[in-house]
Each structure stands twice: as structure tokens, then as C-alpha cells.
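Note sheet for the following structure.
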Amino acid sequence: MNSIAIRPLPNQRQGRLMLALIVALLALPFIIGAGLYFGGWHPSRTGHHGHLLNPPRPLPEQMLRSTGKNSEKWKLVLQVSGPCAAECTNRLDEMRRIHVALYKNMGRLSRAVLTDQPDDPALLALHASQPDLMVLSTQPGALPEITDPVLLVDPQGLVIMTYPPDASPQGMRADLDRLLKYAWTG
Numbered sequence: 001m002n003s004i005a006i007r008p009l010p011n012q013r014q015g016r017l018m019l020a021l022i023v024a025l026l027a028l029p030f031i032i033g034a035g036l037y038f039g040g041w042h043p044s045r046t047g048h049h050g051h052l053l054n055p056p057r058p059l060p061e062q063m064l065r066s067t068g069k070n071s072e073k074w075k076l077v078l079q080v081s082g083p084c085a086a087e088c089t090n091r092l093d094e095m096r097r098i099h100v101a102l103y104k105n106m107g108r109l110s111r112a113v114l115t116d117q118p119d120d121p122a123l124l125a126l127h128a129s130q131p132d133l134m135v136l137s138t139q140p141g142a143l144p145e146i147t148d149p150v151l152l153v154d155p156q157g158l159v160i161m162t163y164p165p166d167a168s169p170q171g172m173r174a175d176l177d178r179l180l181k182y183a184w185t186g
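End of the sequence shown sits at 186 in the working numbering; the numbers just go up one at a time, nothing left out.
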């Protein structure tokens, strides 16, 4: 007997080549993604403007009880130690403007100031002119691990994000817009 090598037809060879190219094109993004992930690459910019706390820190229980009807809302809280000076009132005014700028999501957010001096005349005057501003009292150093003045608190009472003193109001509003767009609570 003669041994004759069976050669594939040209169409079969071309079909196999096309199949290999399609499989390679489908696998290429997964291979690149795995290489970037296991190579330790991370994007240089994140999508948020504040500092995300991982894990979130709970607010003390007595503060949560004092929020009353606003307990089911997201809260933008200004942490103040001592009397409320000009910087404090400016920041509270920025927070009010952010709250109003949320427009249709305005009812899902409440504003509060967390202070160790709830009888401060400046705060009492602000609360009289802005009745929706909650004044929460606390002991000095109640949240020692959080040094940033502006806190974002979820409806369960967890501080999920903080903003430094120089945070821009536009960045805070962008974060709140994105959060309230995708959050089903509050």
C-alpha cells in the first residue's frame, strides 16, 4: 500500500485560520485585562472627589436618634469643634447651595452640623434662618479617626465619604448627583 498524506483542502485551511483569528480576537481583551490586573496597574484618577472610607465608620447612636424624620435620608454633615466662625458659616452656606442644586433629589438629602457647642449663637441664628439644618451635639473627639470637616452619611448612619477643608462644592455636588442617581435608599 502506498501511504498518501491527506492534505486539507484550501477552503478548510482558510476556515481554520479564520476560526483561530476569531478566538484570538475574543480572548485578547481578557488576556490584556488579566495582565494589567495582576501587573498591579490601577487608574490614575478615581471618579469621586472626596475620600472614600473603607470600611465605613458608624456615627454614634445618640446622634442617629436625634435626626428624627431625617433618619432615612442621606446626610451632608459639617463637623465643627468650638464656635462656628466665618469659615464654618461659609461652608454651611456652600452646603445649602449644594443641597438646593440637587433639585429633584433635594428631598433625599438632609444637612446637619455636628458640634460640641450646640448653644453657639452663630449656629442658633443659622438654624433659625434655615430650619432644615439639623444641629447635632456631640462630645469633643467623638469621631477621632475622621479629621475632615465634611462628612457624607448614608441612611443607615455610616460615614462613607469625607471631604477635606479645601474640597470644591462642584466636586461635592458631582459626587452627590452620581450617588443619588444610583442609590436606591434614601
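Where is the CB? At the ideal position from N, CA and C, for every residue including glycine.
Bridge partner(s) assigned by DSSP for residue i
i: residue 162; result: 51, 151
i: residue 134; result: 112
i: residue 23; result: Answer is none; residue 23 lacks a bridge partner.
i: residue 126; result: Bridge partners of residue 126: none, in fact.
i: residue 41; result: DSSP output for residue 41 lists no bridge partner at all.
i: residue 184; result: The partner list for residue 184 (beta bridge, DSSP) is empty, contrary to what the question assumes.
i: residue 76; result: 111, 152
i: residue 57; result: 159
Residue closest to residue i, alpha-carbon to alpha-carbon, out of the options
i: residue 163; options: 132, 119, 146; result: 146
i: residue 157; options: 98, 133, 109, 42; result: 109
i: residue 161; options: 11, 54, 20, 25; result: 54
i: residue 187; options: 88, 181, 122; result: Nothing can be reported for residue 187, as the shown portion of the chain is limited to 1 through 186.
i: residue 117; options: 26, 60, 81; result: 81
i: residue 170; options: 100, 125, 140, 132; result: 100
i: residue 61; options: 142, 183, 182; result: 142
i: residue 72; options: 168, 107, 13, 123; result: 107
i: residue 140; options: 39, 26, 79, 18; result: 79
Cα-Cα separation, residue i to residue j
i: residue 84; j: residue 172; result: 21 Å
i: residue 95; j: residue 41; result: 36 Å
i: residue 31; j: residue 90; result: 51 Å
i: residue 179; j: residue 28; result: 33 Å
i: residue 24; j: residue 44; result: 29 Å
i: residue 129; j: residue 35; result: 57 Å
i: residue 115; j: residue 135; result: 7 Å
i: residue 154; j: residue 75; result: 6 Å
i: residue 176; j: residue 11; result: 59 Å
i: residue 97; j: residue 185; result: 23 Å
i: residue 191; j: residue 21; result: There is simply no residue 191 to check, as the chain begins at 1 and stops at 186 in what is shown.
i: residue 58; j: residue 120; result: 26 Å
i: residue 50; j: residue 152; result: 9 Å
i: residue 138; j: residue 144; result: 12 Å
i: residue 103; j: residue 33; result: 39 Å
i: residue 37; j: residue 181; result: 29 Å
i: residue 105; j: residue 111; result: 13 Å
i: residue 168; j: residue 132; result: 23 Å
i: residue 48; j: residue 174; result: 8 Å
i: residue 77; j: residue 18; result: 60 Å
i: residue 26; j: residue 86; result: 59 Å
i: residue 123; j: residue 93; result: 12 Å
Any non-hydrogen atom of the ligand ADP within 7 Å of residue i CB
i: residue 18; result: Of the ligands one can find in the structure shown there are none, so the ligand ADP has no counterpart to examine.
| field | Any beta strand (DSSP E) of 3 or more consecutive residues that is wholly inside the segment 94 to 121 | value | 109 to 115
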